[in-house]
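For the sequence shown, the working numbering gives the first residue as 15, with consecutive numbering after it. Working notes, beginning with the structure itself.
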Amino acid sequence: MTVIDELLVYLDDGTVRLLEECATALPGRTKQTLSSTLGRLTGKGWVTTTRDRTRGVNTYIITQSGSDTVTRTLAHLKIADDQQWDERWFFVLFNIPERHRKHRDVLRNRLSAVGCGRIQNSLWVTARNIQFELSDLLEDERIARAVTIVKPVLTPADAQALAAAFEWDWEQPNVLYQQFIENAQLYLKRKEHSVLGAKLLVYNYAKLLQRDPKFPTFLEPKEYLRSKAHAQYERIRPYCYEN
Numbered sequence: 015m016t017v018i019d020e021l022l023v024y025l026d027d028g029t030v031r032l033l034e035e036c037a038t039a040l041p042g043r044t045k046q047t048l049s050s051t052l053g054r055l056t057g058k059g060w061v062t063t064t065r066d067r068t069r070g071v072n073t074y075i076i077t078q079s080g081s082d083t084v085t086r087t088l089a090h091l092k093i094a095d096d097q098q099w100d101e102r103w104f105f106v107l108f109n110i111p112e113r114h115r116k117h118r119d120v121l122r123n124r125l126s127a128v129g130c131g132r133i134q135n136s137l138w139v140t141a142r143n144i145q146f147e148l149s150d151l152l153e154d155e156r157i158a159r160a161v162t163i164v165k166p167v168l169t170p171a172d173a174q175a176l177a178a179a180f181e182w183d184w185e186q187p188n189v190l191y192q193q194f195i196e197n198a199q200l201y202l203k204r205k206e207h208s209v210l211g212a213k214l215l216v217y218n219y220a221k222l223l224q225r226d227p228k229f230p231t232f233l234e235p236k237e238y239l240r241s242k243a244h245a246q247y248e249r250i251r252p253y254c255y256e257n
């Protein structure tokens, strides 16, 4: 995960924090890195920085926008569960003219980032309803009027054909799932299980799911590790809560 992710998870409890506290909680990051990243998060509107003139230090607290970012990522934990799948696929068709190429590229980049694979240049698909990941883009009329979203239920044969035609690099996410599994196993072997450590692992898994097409398990490659990663996530999740 990035330092941005780590700080958002740490601050998501809504507590006002000092830089020193952030550095103690995230010992793998230098104060300089944390300070500059907190500045970037403030610029994004995800963190509020306040100067405490009495103590001569800055304090940091997550904003609603920052908390919404965390919540949106964690939402992939629920929709990726096969038991939650309503068997509806999520197709995005668009016809954005060349004069709006910038907006077309933004849309394609977003689709790729949230687990949609290309069937054709202007037809992308994923197995779960990720419309909440596109809502900000669809507020732009130039994009919204050129986009059609369809959520069909496919026959088993059509689903198999779609999976076969799906353009996706399954190897890279598998490497990341393997890393997550190993980190999860190390965490579970410890005598002490920190709440923050569990939250960081869960968020890491959610970030991986965010970029995953989240096919039902029977349509994924046999060697794909998402199911094994999910099993580790379910073991870690209880540690996210204070005893």
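Glycine is no exception: its CB is placed at the ideal position from the N, C-alpha and C atoms. What you are looking at is a predicted structure, and each value in this text was computed from that prediction instead of being measured.
Asked, Found
"V167, buried or exposed, once every other Cβ within 10 Å from all chains shown has been counted against 16", "exposed"
"C-alpha gap between A179 and G70, whole angstroms", "59 Å"
"Contact set for L233: own chain, Cβ-Cβ below 8 Å, skip 5 residues either direction", "A141, A173, Q174, A177"
"With 16 other Cβ atoms within 10 Å as the buried cut-off, status of L200", "exposed"
"Proximity of T23 and K213 at Cβ, strictly below 7 Å", "What sits at residue 23 in the sequence shown is Val, not Thr. Going by C-beta atoms, V23 is nearer than 7 Å to K213."
"Limits of the unbroken beta strand (DSSP E) element including L137", "137 to 140"
"Residue nearest to G42 in terms of C-alpha spacing, selected from L25, V30, V216, M15", "M15"
"Alpha-carbon to alpha-carbon, F108 and T162", "6 Å"
"Contiguous alpha helix (DSSP H) assignments of at least 4 residues, all confined to the segment 53 to 107", "78 to 93"
"Per-residue burial, P187 [other beta carbons within 10 Å of its own, 16 or more giving buried]", "buried"
"Local conformation of G131 per DSSP, three classes", "strand"
"Residues sharing a beta bridge with T162, DSSP", "L107"
"Segments of 4+ residues assigned as alpha helix (DSSP H) that fall wholly inside the segment 168 to 243", "170 to 179, 185 to 203, 209 to 224"
"CA-to-CA distance, H114 to I195, given in whole angstroms", "42 Å"
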